[in-house]
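Peer 1: Here the sequence shown is numbered in the working numbering, starting from 2 and rising by one per residue.
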Amino acid sequence: MTPEGYEALKAELAELEGPARREIAERIKTAREWGDLKENSEYHDAKNDQAFLETRIKRLAERLRNAEVVKRGAGDGGAQVGSRVALRDEASGRTVTYELVGANDADLSAGRLSVASPLAQAALGRREGDVVVVRAPRGEMRYTVVALE
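(1) Out of G19, A9 and P138, which one is the CA nearest neighbour of A68?
(2) Would you kindly report the start and end of the unbroken beta strand (DSSP E) that includes L149?
(3) Look at the alpha carbon of G36 and the alpha carbon of L61, and state the distance between them as a whole number of angstroms.
(4) Identify, in the order they occur along the chain, each residue of the same chain with its Cβ nearer than 8 Å to the Cβ of L88, setting aside the five sequence neighbours on each side.
(5) Would you call the CB atoms of L17 and L65 closer than 8 Å?
(6) In three-state terms, what does DSSP make of D108?
(7) Just grab the DSSP bridge partners of R89 for me.
(8) Please report the straight-line C-alpha distance between M142 and S93, rounded to a whole angstrom.
(9) Which same chain residues end up closer than 6 Å to Q51 when comparing Cβ atoms and leaving out the 5 residues on each side of it in sequence?
(10) Please determine, among E13, N105 and E91, the residue with the shortest C-alpha to C-alpha distance to M2.
(11) Going by C-alpha to C-alpha distance, which of S118, Y7 and G126 sits closest to A137?
This is the structure we're talking about:
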């Protein structure tokens, strides 16, 4: 996981453990004051939201505990998690640039490619000038690493 991805998870966890948890507790308290809990939909909705929130908190805390944060430039000079890689498609000549990130940080529209993807898997460890071969359903695709940061 990139340092940015780790910090984003920490910030989300802090938000959920603080303001979000307090807001739901207040909703439950207010709904209890309305009386009969059997037919109190606000109370049941808040309790459901609380259960969802606590599950999310537990999962985030576990992900943070088990996370491996990879610092940029800590490798051997080849593409790694956190690297920005420019690849030229040998067939079309088109160049695409991606940041290689952990699966949880992936967002293709923002140019963040999961290292679990076939293209990223093929690019890991490669250097500028190396040819990357990806086997896809439509056949073999070849890319050249034209830039690496």
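C-beta atoms are modelled at their ideal positions from N, C-alpha and C, and glycine is treated no differently.
Peer 2: Reading from the atomic positions:
(1) Position 67 of the sequence shown, counting from 1, holds the residue named residue 68. For A68, the nearest C-alpha among the options comes from A9.
(2) In the sequence shown, the residue the question calls residue 149 occupies position 148. Going by DSSP, L149 is part of the beta strand (DSSP E) stretching over G140 to L149.
(3) Counted from its first residue, the sequence shown places residue 36 at position 35. Counted from its first residue, the sequence shown places residue 61 at position 60. Approximately 34 Å, taken between the alpha carbons.
(4) In the sequence shown, counting from the first residue as 1, residue 88 sits at position 87. Cβ contact annotation for L88 (same chain, cutoff 8 Å, sequence separation greater than five): T96, V97, T98, Y99, L120, A124, V133, Y144, T145, V146 and V147, in chain order.
(5) Taking the sequence shown and counting its residues from 1, the one referred to as residue 17 is at position 16. Taking the sequence shown and counting its residues from 1, the one referred to as residue 65 is at position 64. Between L17 and L65, the gap from beta carbon to beta carbon reaches 8 Å or more.
(6) Numbered from its first residue, the sequence shown carries residue 108 at position 107. Looking at D108 - three-state DSSP - the assignment turns out to be strand.
(7) Numbered from its first residue, the sequence shown carries residue 89 at position 88. Paired residues: T96 and T145.
(8) Taking the sequence shown and counting its residues from 1, the one referred to as residue 142 is at position 141. Taking the sequence shown and counting its residues from 1, the one referred to as residue 93 is at position 92. Those two C-alpha atoms are separated by around 10 Å.
(9) Position 50 of the sequence shown holds residue 51. Hits under 6 Å: I25.
(10) Residue numbering aside, residue 2 sits at position 1 when the sequence shown is read from its first letter. Sorting E13, N105 and E91 by C-alpha distance to the C-alpha of M2 places N105 at the top.
(11) For the purposes of this step, residue 137 is taken as the residue at position 136 of the sequence shown. Proximity to A137 across S118, Y7 and G126 peaks at S118, based on C-alpha coordinates.
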